[in-house]
Every structure is written in C-alpha cells, then in structure tokens.
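Here the sequence shown is numbered in this note's numbering, starting from 1431 and rising by one per residue. Shown next, in structure tokens, is the structure this report addresses.
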Amino acid sequence: MTHSADILAQVAAILEERKQAEAGSSYVASLYAKGLDSILKKIGEEATETVIAAKGGDRDQIVYEMADLWFHSMILLSHQGLRPEDVLNELARRFGTSGLTEKASRSK
C-alpha cells in the first residue's frame, strides 16, 4: 500500500463502494445507514480523542487518532457527495496566501 496522497483516492473509492453495501456488512455502511447525525457525532468523538492525544504528547497516539479523524471526515465528505480532491483543491487555492489575508476575505 502506498503512503502517498494516492491513499486518499483509494480510501475514497472504498467509501463510495460502501454506500451500496448492506448496513450489517461493514462499519462504514452502518454509519451511512445511520445518517448524517451519527457521522457527525463520530467526527466529534474522533476530534476530541485527537485533542486528548495531542495534550498527552504521544506522537504515535496523535498519528493514530488523526488517522481516525481523517477517515471519519472522509466518510462525511462521501456522504455529502464530495471527494478528497475538493478539499485538496481548496487547500491549493489558499496556498501562497497569507492566513490573515485569507481569513479577512471570508468576512466580505
């Protein structure tokens, strides 16, 4: 398995496949079946676990929890008909722009 950005596309493809699966056949299919609120709740849990890991300072735990957070965020993207490329394109759009400038442009 690759450790490049291609993994995002591979995971996204599997998440799309799981949309068609029976709820009892996979964890992801069960989250899709439960709906948006369950997906959002899981993202909140994973975000909290990531914060706790960061406060603890254990690098391996931070990476582990961040992977869970990214994974569940990708489930949300897929559920909403979005793909990782949509987020990557937004990051590319912002690249080279001062964070202060970008933030100021949002209030207009």
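Glycine is no exception: its CB is placed at the ideal position from the N, C-alpha and C atoms. Since we're looking at a predicted model, the values are computed, not measured.
Buried or exposed, going by whether 16 or more other CB atoms sit within 10 Å of the CB of alanine 1483? buried
Here's the rule I'm using: 16 or more other beta-carbon atoms within 10 Å means buried, otherwise exposed. How should threonine 1480 be labelled? buried
Between methionine 1504 and leucine 1445, how many whole angstroms is the CB-CB distance? I'm expecting something under 8 Å. 6 Å
Considering only the alpha carbon of each residue, which of Gly1454, Gly1465, Glu1452 and Asp1436 lies closest to histidine 1502? The residue from Gly1454, Gly1465, Glu1452 and Asp1436 with its alpha-carbon nearest to that of histidine 1502 is Gly1465.
In this structure, does DSSP put glutamine 1450 in helix, strand or coil? It is coil, neither helix nor strand.
Would serine 1508 be called buried (16 or more neighbouring beta carbons within 10 Å of its own) or exposed? Using a 10 angstroms sphere on the CB of serine 1508, the tally of other CB atoms reaches 16 or more, which defines it as buried.
Residue range of the alpha helix (DSSP H) that includes phenylalanine 1501: 1489 to 1509
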